[in-house]
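In terms of UniProt numbering, the sequence shown opens at residue 1 and continues consecutively.
Ideal placement from N, C-alpha and C gives every residue a C-beta, glycine not left out.
Since the model is a prediction, treat every value here as computed from it, not as a measurement.
What follows is one structure encoded as C-alpha cells, with my remarks underneath.
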Amino acid sequence: MKRWVLRTVVTAMLACLLWIGSTPPAQALTPTDWQKKSIYFIMTDRFSDGDPTNNNYGGFASDKSDPRKWHGGDFQGIINQLNYIKGMGFNAIWITPVTMQKSVNAYHGYWTYDFYSVDGHLGSLAKLQELVQTAHSKGFPSCWTWWPTIRAISNPAAMPLRRLTNMIGITTTAMCKTGMISGGWKTGT
Numbered sequence: 001m002k003r004w005v006l007r008t009v010v011t012a013m014l015a016c017l018l019w020i021g022s023t024p025p026a027q028a029l030t031p032t033d034w035q036k037k038s039i040y041f042i043m044t045d046r047f048s049d050g051d052p053t054n055n056n057y058g059g060f061a062s063d064k065s066d067p068r069k070w071h072g073g074d075f076q077g078i079i080n081q082l083n084y085i086k087g088m089g090f091n092a093i094w095i096t097p098v099t100m101q102k103s104v105n106a107y108h109g110y111w112t113y114d115f116y117s118v119d120g121h122l123g124s125l126a127k128l129q130e131l132v133q134t135a136h137s138k139g140f141p142s143c144w145t146w147w148p149t150i151r152a153i154s155n156p157a158a159m160p161l162r163r164l165t166n167m168i169g170i171t172t173t174a175m176c177k178t179g180m181i182s183g184g185w186k187t188g189t
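Structural data, given as C-alpha cells:
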C-alpha cells in the first residue's frame, strides 16, 4: 500500500514538472532587449493630472504652487498621454515608485511607508493595472522604480536607523539637513 502511494506521488510530481516545462516562458525583456528601447522616464506626480478626484488623497491637498507638495499627476494622466509619448519616438516607459508614501512631501515616491499598497495620490491598484495593460497594448514595455531599501523614516522598517540616530544623538531632521540619509542632498537651510 505504501509503495502505491509513493508511486502515485512521484508520478504526479513528474507530470507537474513536465507540464510546467512545456508551458511557454513569460515574455520578459532581456537586457539586450532593453538596450534597444528608448525609455521615457516619468515622475508620475509631476507628469499629467488625469483624475483630479485623487488630488487630495489622505487629507493632503495637491498644491502646484509649492514645489515640495503633490501636484496631482497620476496613472490616468499617463494613460491619457501614451500616444503623445509614442509620438515623440519613445517605445518604453519607466515610472517612479507607486507604493504608499509618507504623504506630506513624498510626491517623488522615494519615502515609502507601506510596500504593499499603491499610493492613493496616483490612483488605485486597478488603475495601475489598467496603465500596464494599456501600455502593453500600445507596444510599451513598462517598468517602475522599486527600492526596498529606501523608505520613509516613519516606516516601521526604519526603526534600526532611528535607534542608531538616538544613540549617537542626531535627530532625523538634522540628518536630512546635513544630507546623511540622502547621500549629499541638502535643504535650503
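- In the structure shown, W94 falls within a strand segment according to DSSP collapsed to helix, strand and coil.
- Of the other Cβ atoms in all chains shown, fewer than 16 fall within 10 Å of the Cβ of D66; this residue is therefore exposed.
- Straight-line spacing of the CA atoms in P97 and N83 works out to 22 Å.
- Using a 10 angstroms sphere on the CB of L125, the tally of other CB atoms stays under 16, which defines it as exposed.
- In summary, A92 is buried, with 16 or more beta-carbon neighbours lying within 10 Å of its beta-carbon over all protein chains present.
- In this chain, V104 is not harboured by any alpha helix (DSSP H), its DSSP state being neither H nor E.
- By the Cβ neighbour-count rule, G139 is exposed, with fewer than 16 other Cβ atoms within 10 Å of its own.
- Membership of S137 in the alpha helix (DSSP H) is indicated by the continuous run L125 to S137.
- The C-beta separation of I79 from E130 comes to about 7 Å, placing the pair in contact by the 8 Å criterion.
- T44: member of the alpha helix (DSSP H) spanning T44 to F47, first to last residue.
- No Cβ-Cβ contact shorter than 8 Å links D49 with N56.
- For Y110, there is no enclosing beta strand (DSSP E), as DSSP marks it with neither H nor E.
- The alpha-carbon of H136 is positioned some 32 Å away from that of R68.
- For the options T44, Y40 and S38, the alpha carbon positioned closest to that of Y107 is the one of T44.
- Taking each of P141, I42 and Q133 in turn and checking the Cα distance to L122, the smallest one comes out for I42.
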